[in-house]
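Top line first, the protein sequences correspond to chains A and B. According to our numbering, the residues represented by the first sequence are 83 to 574, in order. According to our numbering, the residues represented by the second sequence are 83 to 574, in order. Yeah, the Cβ is synthetic: ideal placement off N, Cα and C, and Gly gets one too. None of these values were measured; they are calculated from a predicted model. Here is the structure we will look at.
2 protein chains.
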Amino acid sequence: MRYYQQLEAIFKRIATFEEIGAILSWDKEVMMPLGSIHKRAEHLSLIAEEIHNQINDPKVQELIKEVDLTNLSEIQKANFREIKRLVQMETSLPKDLKLAFVKAITNCEMNWREARQNNDYKAILPYLSEVIKLVKEIAVTRSEIFGISLYDALIHEFDPYRKSEAIDPIFKRLKEFLPGFITQVIETQSKIKLISLDENYPVAAQKELGMFCMDKLGFDFNLGRLDISTHPFCGGLKDDARITTRYQTNEFATSLMGVLHETGHAMYGQNLPKTLQPVYDALGMSIHESQSLFVEMQISRTKEFLSWILPFIKEKFGDHPGFTLDNLFNTSSRVNRSLIRVDADEVTYPLHVIIRYELEKEIISGNLQVEDIPLAWNENYEKLLGIKPDSNANGCMQDCHWFGGAFGYFPCYSLGAITAAQLFADAKKRMPDLLNDIKQGDFRRIMDYLKINIHQAASIYSADELIKRVTGSNLDVELYINYLKDKYLEQK
Amino acid sequence: MRYYQQLEAIFKRIATFEEIGAILSWDKEVMMPLGSIHKRAEHLSLIAEEIHNQINDPKVQELIKEVDLTNLSEIQKANFREIKRLVQMETSLPKDLKLAFVKAITNCEMNWREARQNNDYKAILPYLSEVIKLVKEIAVTRSEIFGISLYDALIHEFDPYRKSEAIDPIFKRLKEFLPGFITQVIETQSKIKLISLDENYPVAAQKELGMFCMDKLGFDFNLGRLDISTHPFCGGLKDDARITTRYQTNEFATSLMGVLHETGHAMYGQNLPKTLQPVYDALGMSIHESQSLFVEMQISRTKEFLSWILPFIKEKFGDHPGFTLDNLFNTSSRVNRSLIRVDADEVTYPLHVIIRYELEKEIISGNLQVEDIPLAWNENYEKLLGIKPDSNANGCMQDCHWFGGAFGYFPCYSLGAITAAQLFADAKKRMPDLLNDIKQGDFRRIMDYLKINIHQAASIYSADELIKRVTGSNLDVELYINYLKDKYLEQK
């Protein structure tokens, strides 16, 4: 037992360094004057070095060997499992490979910004090739250690225990279903005229509306903040959840829905159990994304939510001919074939993800060469989404993920969306009058459902286990397809 | 040489931790949601622990022994001198004493807030006694190691190399001069009617005016920020200087002068030379305070500055009958006998400091018992300032310094004021038309004077050496007295 407790203390210390890093990273995006970026890089790399040193201390390996499982509680066993996994992740890579990788992604990301602006794939090619070469080396090393496939070894970093053999059939089904469905939805929606919401929406009123919704959803402003940044995100720590948004003055919906999305992430953070690391940390990115999409897609983009918020919208911005329930709902659920993933609607979004997922697997297996990515990208967009990128800037260079070495991340977005729909269906089964709560602006029961079933479970189970424990079923793509049908073909 | 370079690397690392701590501390005052205070305490104590471990690493002592001075440049020698001094400061105290001290000041500060609110000196007495007991132990230990007096050992923490035998005659002279002078000034000023500046001053316009002045003084917003906090301060680091203010809407002068004061601190930070630690850090608190008071008292509270800023005040807030040069100057230089140091004017301020200085010396020497402080405080206020505190809350409990264990800090305020006046007189001697610059809002030459002579010298010399090198004289209280006479008896 005392060996285990020593490990607990070490990981408590690591968590404190991670929290410090989280505040410094938030500050970098929200507060830091630009001229100080080189100093902040020093700060963050010192924190990373400290964490590295703690985990790589030979003492940690020795303690792990000494721990006697029979004396541990279930939670402690789960914590020990996560400790071992993280230590294995961290110590599996040779130091040289790690350093080379950090250098490669730093260079590549930096050059990517300019190359994208200039629509110059050739300029980024050598940098991306280097990144991908190293990603493959990482995949090989981790694949051997964890006894999983090359690509699964990459997923593991973002969504532990998730396997592509479970993702493949889900994405296959969506790939079959969505193209025809999208045509059908666009056809149906084309009969509905949208009333433009163009108007001047003052930032102060938008912020008040966002904070009002955060508060109603249970966000604790004594343990968190809302601020502005170029790229909205949720940062900070459990007891200091910091979300950001950006405001445009000609419309309010993007920021409002963005705030609701980030509030989903933040509530996960604020509701995680405390005091034990790493098992009380958030589970991987697919569950994190399920929490943001639960709040954004399952709660907020419903007629019930919009009907509740409508009077407050009018109160904040004055009346407007477009401020009717049907027009707000139809505007917020309009489907379009478009090139940019982050701007995509709920229905086309999975195809953006599937294209990347399939290309990633080809890249990692060596079937697709780095110089051939643009062609393959464009062909897939035309085939699946029926729209051909006008440039690489709006094609394979649009996302930072690959240029930052994040292969295996993309599937989390759509797995999160499917999880969110499945959780909401389960919640409705348990509380049949749930939509009425939402219509009244009473989110206590639905947020408690998430808190008790998802947030408080932290990383005790794998994502698949957790979904099955809560809903009684494995991740169910058919349920998701039916959810989309109900939401998008029932529009009038 | 390579031993010295290893020391340099260690202190570079320590400096990075200190910078991280500075950002976390700024965030604590300006951004952090209150519920997260216990986490922030963990973050800051981990940083403190890391710094402690670095300095106390036995390797540091070994390296110091090995350094060969003959191979070092002058700057490196000065850096080595400062490294040795800091290591001696840090390692001189037994760990138990340090921990007991941190615990005692944390408890005492926490209880002081409530005790002050309740005007209950008895409630704070046991906590303050414990603090003072430990401060004395620290003084004894450091006094032996540095071969200086008990009280000088305390000053050393805030103003290295400063000795009370040099302060005594300065404060003695001010103590003789000021009481009569104050009577004379108040008598003179009583003939001048002030026009009230009461009005509504919007926060946004106040902020614009403050930032306009900061910019004119050379503050680099690419390397710093202005924000709001309950207690204005200057934090951050060389390349990320963060000052704060607070705004009242019924007047603008307090915030404007506060911003100018903190800008003086911040310019010192932004102009320090980089890359070498600790010798390129700021010199002690008396020089730091001289820089803020230089900008506030020597530059900004002059007729020339006010004449330059007046049109901009009118531009920001509209016209007002009180917006005349004479009225602004007379308002900003009005002298009053008052109880609270932080609200005191330039003329009475040194007496507030001298009272604390003399009491501190009596407390540390053991001549004054903790329970007798209120009586001694009140008697001294009556004797020196001619005003008797109506309560301990407005008396000896008004400042946090003693309750936070900061004995030896107070003299820095007045030594800073005297230094600022001496530097300004020197600058005027070198550039006779300097006041004309200020009248034109051109602060380049005066700020360059500070940069070249004070900021860039960092901690290479002691404060006394630096003042003598720059002005050719020792710290000169007569010059300060003449400055006060010129400024306060010439008013019409």
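Proximal residues of chain B, C-beta to C-beta of residue i below 9 Å
i       : result
N304(A) : P115, L116, G117, S118
R307(A) : M113, M114, P115
Beta-ladder partner(s) of residue i, from DSSP
i       : result
A323(B) : G306(B), G318(B)
Residue i to residue j span [Cα, whole Å]
i       : j       : result
F99(A)  : A160(A) : 22 Å
L354(A) : R167(B) : 46 Å
R224(A) : T270(A) : 48 Å
S374(B) : D321(A) : 36 Å
T430(A) : S496(A) : 11 Å
P314(B) : I534(A) : 43 Å
I157(A) : L505(A) : 24 Å
P493(B) : G400(A) : 59 Å
L207(B) : Y565(B) : 41 Å
S155(B) : I381(B) : 37 Å
R255(B) : P261(B) : 11 Å
Q199(A) : V341(A) : 28 Å
I230(A) : E90(A)  : 28 Å
P456(A) : K465(A) : 14 Å
K94(B)  : A130(A) : 16 Å
Y350(A) : L532(A) : 8 Å
R412(A) : A488(A) : One point to set straight first is that residue 412(A) is Asn, not Arg, in the sequence displayed. Approximately 35 Å between the Cα atoms of the pair.
L232(A) : I96(A)  : 28 Å
L236(B) : Q170(B) : 14 Å
K218(B) : I137(A) : 42 Å
L450(B) : D202(B) : 20 Å
G318(A) : K273(A) : 45 Å
A323(A) : L116(B) : 12 Å
D363(A) : D558(A) : 25 Å
K574(B) : M479(B) : Residue placement at K574(B) is poorly supported in this model, since its pLDDT is 46, which falls under 50; the coordinates still yield a value, given next. If I take the Cα positions, the gap works out to 37 Å.
M339(A) : Y543(A) : 30 Å
I549(A) : S555(A) : 7 Å
A507(B) : C316(A) : 53 Å
A545(A) : S368(A) : 8 Å
S311(B) : E111(B) : 6 Å
Three-way DSSP call (helix, strand, coil) for residue i in this model
i       : result
Q330(B) : strand
L548(A) : helix
T265(A) : helix
T384(A) : coil
N200(A) : coil
S473(A) : coil
K574(A) : Note that K574(A) scores a pLDDT of 46, beneath 50, so its modelled location is shaky; the value from the coordinates is reported in the next line. In this structure, K574(A) counts as coil in the three-state DSSP scheme.
L151(B) : helix
F492(B) : coil
Q480(B) : coil
F294(A) : helix
Q158(B) : helix
Y86(A)  : helix
R527(A) : helix
H125(A) : helix
I369(B) : helix
L450(B) : coil
R70(A)  : Shown here, chain A extends from 83 to 574; a query on residue 70(A) therefore has no answer.
Where residue i meets chain B, residues with beta-carbon distance less than 8 Å
i       : result
L128(A) : R95, T98, F99, I102
Nearest-angstrom Cβ-Cβ length linking residue i and residue j, presumed shorter than 8 Å
i       : j       : result
T326(A) : D309(A) : 5 Å
G366(A) : D241(A) : 4 Å
S414(B) : R383(B) : 5 Å
V149(A) : Y85(A)  : 5 Å
Under 7 Å from the C-beta of residue i: neighbouring residues of chain A
i       : result
E124(B) : T98
D109(B) : I105, D109
is_contact[residue i, chain E] using C-beta, thresh 8 Å
i       : result
I105(A) : No chain E is present in this structure, whose protein chains are A and B.
Residues that residue i contacts on chain A, provided the C-beta gap is smaller than 8 Å
i       : result
L319(B) : S118, K121
Contacts of residue i in chain B (Cβ-Cβ under 7 Å)
i       : result
D322(A) : M114, P115, S118, K121
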